[in-house]
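Residues in the sequence shown are numbered from 5 upward in steps of one, following my numbering. Single-structure report; data block below.
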Amino acid sequence: MSTAVKLWDIYKGLTDKFLYNNDLNSIYILLALYDIEENISNIYPKYMCLKDIKKKIKYVLKDREDSEIISHNLSVIMHEDINRLELCFYLEGYKDGYNSLKYVNLLEKEFVRIFGIEHVYSNNYLIHDSSKHEEIKAIRKRCDIEIDNKEKQEKYIENLTTTFTNKVIKKKVENLSDYVAKQLKIDFDLYNVKIDEVNYDLSDDEVSEIYNMLLVILIKHLKNTYKDAFWYAVNDKVSKRYS
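What follows is the structure in structure tokens.
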């Protein structure tokens with residue numbers, strides 16, 4: 005078995021332990037391996053999709069009086085799981101971008117052509133934001149298209165996201181009441197006072213709609229997370245050549 009295959013198996017095993025067992029030691033080991041093996045040091049995922057998810061859950065449950073409470077509770081119980089998934093794809097994208105000689109060389113050549121070699125030596129970070137320069141923007145677009153085409157063929161992001169959502173997140177949606185603190189509701193009129201336990205159970209249709217919505221949002225967001233990390237890594241690799 006080749007060293008590359010062995011290393012990939014180690015990465016996958018650590019990633020799975022972090023994702024499915026919430027094993028923090030695994031991610032620390034993975035980060036250390038990336039730092040040693042790939043010389044990666046700039047890893048900053050954004051963790052930005054929960055706000056969109058909460059909004060969409062509320063929309064799905066718009067006919068329920070407790071839609072705001074349910075959307076909040078679901079967001080709370082899912083956020084650590086989703087953050088773990090996002091971190092894994094960020095790491096994967098960063099690692100792949102850092103090792104992409106094709107795009108590292110393309111960016112270096114264009115950056116030096118536009119700004120001159122002195123500018124590269126005097127800047128620790130390059131153009132992570134490519135919107136101001138058409139030539140750099142074209143490289144970023146080409147990079148994104150290639151990632152999209154690869155994902156269409158391999159469906160790595162889609163498959164891992166679907167598997168993780170099925171194994172970890174779906175049961176929390178199906179059994180929401182088991183994950184939130186019990187609350188009491190008091191109804192009263194002039195003659196009676198009635199105290200009941202609040203029930204946040206979701207119907208099968210509601211669970212299905214929320215689950216499908218989650219998949220759409222997560223897959224779209226995580227593809228963008230991977231692309232952003234890939235591009236940041238390409239920039240960082242070019243910078244490192246001149247540090």
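Ideal Cβ placement from N, Cα and C applies to all residues, glycine included.
- Taking the C-beta atoms as reference points, L111 is found nearer than 9 Å to I143.
- A direct Cα-Cα distance of roughly 22 Å separates I86 from D205.
- In terms of Cβ geometry, K50 and E90 form a close pair [threshold 9 Å].
- Contact between T165 and L219 is confirmed by a C-beta separation of about 7 Å, below the 8 Å threshold.
- Rounded to whole angstroms, the gap between the alpha carbons of L105 and Y38 is 17 Å.
- Put simply, the backbone Cα of G120 is about 15 Å away from that of S247.
- By the CB criterion at 9 Å, Y102 and D240 fall inside the cutoff.
- The C-beta separation of E210 from V80 comes to about 18 Å, leaving the pair out of contact by the 8 Å criterion.
- Closest option to I118, judged by alpha-carbon separation, among D20, H225, E138 and L54: E138.
- Only buried fits M82, as 16 or more other CB atoms lie within 10 angstroms of its CB.
- Y204 sits in coil when the DSSP states are folded into three classes, being neither helix nor strand.
- With contacts defined as CB atoms closer than 9 Å, F22 and L11 fail to qualify as a contacting pair.
- Non-local C-beta neighbours of S75 in its own chain, meaning closer than 6 Å and more than five positions away in sequence, comprise K58, I61 and K62, ordered along the chain.
- For a cut-off of 8 Å, the C-beta gap from F93 to Y236 is around 13 Å, too long to register as a contact.
- For M82, the enclosing alpha helix (DSSP H) starts and ends at S71 to Y102.
- In the structure shown, K159 falls within a coil segment according to DSSP collapsed to helix, strand and coil.
- The straight-line gap separating the alpha-carbon atoms of L18 and S30 is approximately 5 Å.
- Leaving aside the five residues that flank Y24 on each side, the residues in its chain whose CB is nearer than 8 Å to its CB run, in chain order, F168, K171 and V172.
- No Cβ-Cβ contact shorter than 9 Å links I214 with V242.
- With a cutoff of 9 Å on beta-carbon distance, N26 and R68 are scored as not near each other.
- I161 and I221 do not touch by the CB rule: their CB atoms are close to 13 Å apart, not below 8 Å.
- Secondary structure at K136: coil, using DSSP grouped into helix, strand and coil.
- For M217, the secondary structure class from DSSP, reduced to helix, strand or coil, is helix.
- The residues I61, in chain order, have a CB closer than 6 Å to that of L78 in the same chain once the five nearest residues on each side in sequence are set aside.
- Between the alpha carbons of K227 and S181 lies a distance of about 31 Å.
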